[in-house]
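The structure appears right after this line, and notes come after that.
Residue numbers (our numbering): 659 to 824.
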C-alpha cells in the first residue's frame, strides 16, 4: 500500500465518513423514537377529543359534521403516518445498528445474533418507558410552574392585605 496512491486516500476518507454516518444514525434513532412517542401521546389526546365530539352532538360544540369528519380523517391519517415511521425506524435494516457499527467484516453467529436482538428489544422497551416518564415529568413541570405563579399572586394579595391592615 503506497501512501501516494489516490485510491487508498479516497478509501480511507470513505471509511471515515461511513463510520461517522453509522454513529449519526445510531444517535438519531433514539431521538426519532422519542419524538414519535411524543407524537403518539399527543395524537391519542387529540383522538379522545374527536371521539367525545363524535359521541355527542357536534353542534353543541359549535362544529359542523363536516368539520368532525375532517378531524377524524386527520387523526387517522396522522396515525397511519406514525405507524409507517415506526416501521421504518424499527425495520431490520435500521435497527441492526450495533451490529453494523462493529464493522463490515466480522461474522455474527446465531447466539450473538439472538443476544443482540434481545438487547435491542430491551432497549426499545426502556426507550418507551423513558418516553412515558419524560411526558409525565413535563406535565409535572408545567403544573409546578402554574403553582409557582399562583403562589406569587397569593403573596401579592397577602402583601396588599397586610398594607391595608396596617
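Glycine residues also receive a C-beta, built at the ideal position from the N, C-alpha and C atoms.
Subject >> Collapsed DSSP secondary structure at residue 722 in the structure displayed >> reply: Counting from 1 along the chain shown, the entry for residue 722 is found at position 64. Coil at residue 722, not helix or strand.
**OP:** Quick one: give me the first and last residue of the alpha helix (DSSP H) that residue 790 is part of.
**Re:** Translated into positions along the chain shown, residue 790 becomes position 132. Segment 768-823, the alpha helix (DSSP H) holding residue 790.
**OP:** With a threshold of 16 other CB atoms inside 10 Å of the CB of residue 659, please say whether the residue is buried or exposed.
**Re:** As a first step, residue 659 must be located in the chain shown, where it is residue number 1. Note on residue 659: pLDDT 48, under 50, position unreliable in the model; no value is reported.
Original post:
By a C-beta neighbour count over all protein chains shown, 10 Å radius and 16 as the cutoff for buried, is residue 708 buried or exposed?
Top reply: The residue given as residue 708 occupies position 50 in the chain shown. Buried: at least 16 other Cβ atoms inside 10 Å.
**OP:** Whole angstroms is fine: what's the gap from residue 685's alpha carbon to residue 738's?
**Re:** What you label residue 685 is simply residue 27 of the chain shown in a count that begins at 1. What you label residue 738 is simply residue 80 of the chain shown in a count that begins at 1. The straight-line gap from Cα to Cα measures roughly 25 Å.
Subject >> Alpha-carbon to alpha-carbon, residue 774 and residue 701 >> reply: Taking the first residue of the chain shown as 1, we reach residue 701 at position 43. Taking the first residue of the chain shown as 1, we reach residue 774 at position 116. Distance between the alpha carbons of residue 701 and residue 774 is about 32 Å.
Original post:
Which stretch, first to last residue, makes up the alpha helix (DSSP H) that contains residue 715?
Top reply: Here residue 715 refers to the residue found at position 57 when the chain shown is read from its first residue. For residue 715, there is no enclosing alpha helix (DSSP H), as DSSP gives it neither H nor E.
**OP:** Inspect the CB distances between the stretch 716-729 and the stretch 815-824 and report whether three or more fall short of 8 Å.
**Re:** no
Original post:
If you draw a straight line from the alpha carbon of residue 781 to that of residue 746, how long is it in whole angstroms?
Top reply: Sequence index remark: in the chain shown, residue 781 carries index 123 (1-based). Sequence index remark: in the chain shown, residue 746 carries index 88 (1-based). If I take the Cα positions, the gap works out to 17 Å.
Original post:
Are residue 692 and residue 789 closer than 9 Å when you measure CB to CB?
Top reply: Translated into the one-based positions of the chain shown, residue 692 becomes position 34. Translated into the one-based positions of the chain shown, residue 789 becomes position 131. Cβ atoms of residue 692 and residue 789: closer than 9 Å.
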